[in-house]
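Protein chains: 2
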Amino acid sequence: MQLSIDLGSSDQPIYQQIRDEIVSGIASGQLRDGDPLPSVRTLGAEIGVNLHTVNKAYKLLQRDGFIEIQRSRGTFVRAGDTAKNAAGFIESSGRRIQALVSDALSLKIDRTVLHHMIDHYYDELEGKGS
Amino acid sequence: MQLSIDLGSSDQPIYQQIRDEIVSGIASGQLRDGDPLPSVRTLGAEIGVNLHTVNKAYKLLQRDGFIEIQRSRGTFVRAGDTAKNAAGFIESSGRRIQALVSDALSLKIDRTVLHHMIDHYYDELEGKGS
DNA sequence: TAACTGTTCTATATTATATATAACACAAAA
DNA sequence: TTTTGTGTTATATATAATATAGAACAGTTA
Numbered sequence: 822m823q824l825s826i827d828l829g830s831s832d833q834p835i836y837q838q839i840r841d842e843i844v845s846g847i848a849s850g851q852l853r854d855g856d857p858l859p860s861v862r863t864l865g866a867e868i869g870v871n872l873h874t875v876n877k878a879y880k881l882l883q884r885d886g887f888i889e890i891q892r893s894r895g896t897f898v899r900a901g902d903t904a905k906n907a908a909g910f911i912e913s914s915g916r917r918i919q920a921l922v923s924d925a926l927s928l929k930i931d932r933t934v935l936h937h938m939i940d941h942y943y944d945e946l947e948g949k950g951s
Numbered sequence: 822m823q824l825s826i827d828l829g830s831s832d833q834p835i836y837q838q839i840r841d842e843i844v845s846g847i848a849s850g851q852l853r854d855g856d857p858l859p860s861v862r863t864l865g866a867e868i869g870v871n872l873h874t875v876n877k878a879y880k881l882l883q884r885d886g887f888i889e890i891q892r893s894r895g896t897f898v899r900a901g902d903t904a905k906n907a908a909g910f911i912e913s914s915g916r917r918i919q920a921l922v923s924d925a926l927s928l929k930i931d932r933t934v935l936h937h938m939i940d941h942y943y944d945e946l947e948g949k950g951s
């Protein structure tokens, strides 16, 4: 699978953008369990970024359980059965979120407010699980 | 109105946290149109932060139209008729967002994916307006 | 006048980000 | 074995972002 990563349009650090795009790829089903990721050097060369920057992104993804890094062999997606259903989630949730954003924007509510509300419920639910 | 700002729990810069908390305050109705904000020195002293850091947050809020800065007089909330309805939005949207997060989390979908989807629709809708 | 606004300026310190180069340890293929 | 390709580690450097500090300025208000 071809990994396309756009840089520069965001004000976030490069390693974060890489990480987020790969997470999105997994969630959308473009990246599936077992798929190999490009090596840190290859991906770095492709997008014009240093190998350490890619490595930093990979470390974050490993920490969060999205990928598995095998020394000397490569890195592979670890999505379990998540990816299959995740694509459906994005498909089915698009309208929901669009409606939510429309309501918020009509009231001039900043996007960060929605981010915070989402984070709040994430923290709440993840807190119960630990 | 008493402004309570928590720092340290986030990995975001202080001036962003201040900015976001005030936006949330406006959206939730705790801060209403015309309400005076603490001076940069007062708020800085309250939360243990330099005056320039607070000033930076205020400048962002001014740029986005959330507050009005009057030289030598003070800064005041400019929420229009937004704040009234915004409180209702948060009240009514809580369950919606909670359900959305539950679905996402059950699929191990990262919160950044939701952030991105929200940003996507924000950009889409704001793009039409310009 | 005196006290309080935001503003501007200079200066410094720390951290985050990103790159550069080299070398290492290990696995797989030639 | 040799070569190539992994991730990894180490050191070094450069730049930008973040935050603080102190002083002074211009204007408003009591």
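Chains A and B, in that order, give the protein sequences. When we follow the numbering used here, the leftmost residue of the first sequence carries the number 822, and every step to the right adds one. When we follow the numbering used here, the leftmost residue of the second sequence carries the number 822, and every step to the right adds one. Glycine included, every Cβ here is placed at the ideal spot set by N, Cα and C. All values derive from a computational prediction rather than experimental measurement.
Length of the line joining the Cα atoms of residue i and residue j
i: B:Gly865; j: A:Ile911; result: 42 Å
i: A:Leu926; j: B:Ala900; result: 14 Å
i: A:Val875; j: B:His937; result: 20 Å
i: A:Val861; j: A:His873; result: 8 Å
i: B:Tyr879; j: B:Val898; result: 11 Å
i: A:Ala848; j: A:Ala907; result: 5 Å
i: B:Arg916; j: A:Glu945; result: 13 Å
i: A:Ile839; j: A:Gln919; result: 25 Å
i: B:Leu828; j: A:Val934; result: 17 Å
i: A:Glu947; j: B:Ser831; result: 16 Å
i: B:Gly886; j: A:Glu867; result: 40 Å
i: A:Gln851; j: B:Arg932; result: 18 Å
i: A:Ile843; j: A:Pro857; result: 12 Å
i: A:Ile930; j: A:Tyr836; result: 29 Å
i: B:Asp854; j: B:Gln883; result: 14 Å
i: A:Ile890; j: A:Lys877; result: 12 Å
i: B:Leu928; j: A:Pro859; result: 25 Å
i: A:Ser913; j: A:Asp924; result: 18 Å
Exposure label - residue i; buried when at least 16 CB within 10 Å
i: A:Gln833; result: exposed
i: B:Gly869; result: exposed
i: B:Gly909; result: exposed
i: A:Gly895; result: exposed
i: B:Gly846; result: buried
Chain B contact for residue i (CB, 9 Å cutoff)
i: A:Met822; result: Note that A:Met822 has pLDDT 49, beneath the 50 cutoff, so the model's placement of it is unreliable and the number below is only indicative. No, because no Cβ of chain B sits closer than 9 Å to the Cβ of A:Met822.
i: A:Ile918; result: yes
i: A:Ala848; result: yes
i: A:Ala866; result: no
i: A:Glu947; result: yes
i: A:Ala925; result: yes
i: A:Asp841; result: yes
i: A:Lys877; result: no
i: A:Ile911; result: yes
i: A:Tyr942; result: yes
i: A:Gly855; result: no
i: A:Leu852; result: no
i: A:Leu782; result: Since the first residue of chain A shown is 822 and the last is 951, residue 782 of chain A is not available in this structure.
i: A:Ile888; result: no
i: A:Gly895; result: no
Bridge-paired residues (DSSP) for residue i
i: A:Gln891; result: A:Gly895
i: B:Pro857; result: B:Phe897
Interface flag, residue i vs chain A, CB-CB below 9 Å
i: B:Thr933; result: yes
i: B:Val898; result: no
i: B:Leu858; result: no
i: B:Lys929; result: yes
i: B:Ile835; result: no
i: B:Asp885; result: yes
i: B:His937; result: yes
i: B:Asp832; result: no
i: B:Leu921; result: yes
i: B:Gly869; result: no
First through last residue of the alpha helix (DSSP H) which encompasses residue i
i: A:Leu864; result: Val861 to Ile868
i: B:Ser831; result: Where B:Ser831 is concerned, there is no enclosing alpha helix (DSSP H), given that its DSSP letter is neither H nor E.
i: B:Gln883; result: Leu872 to Arg884
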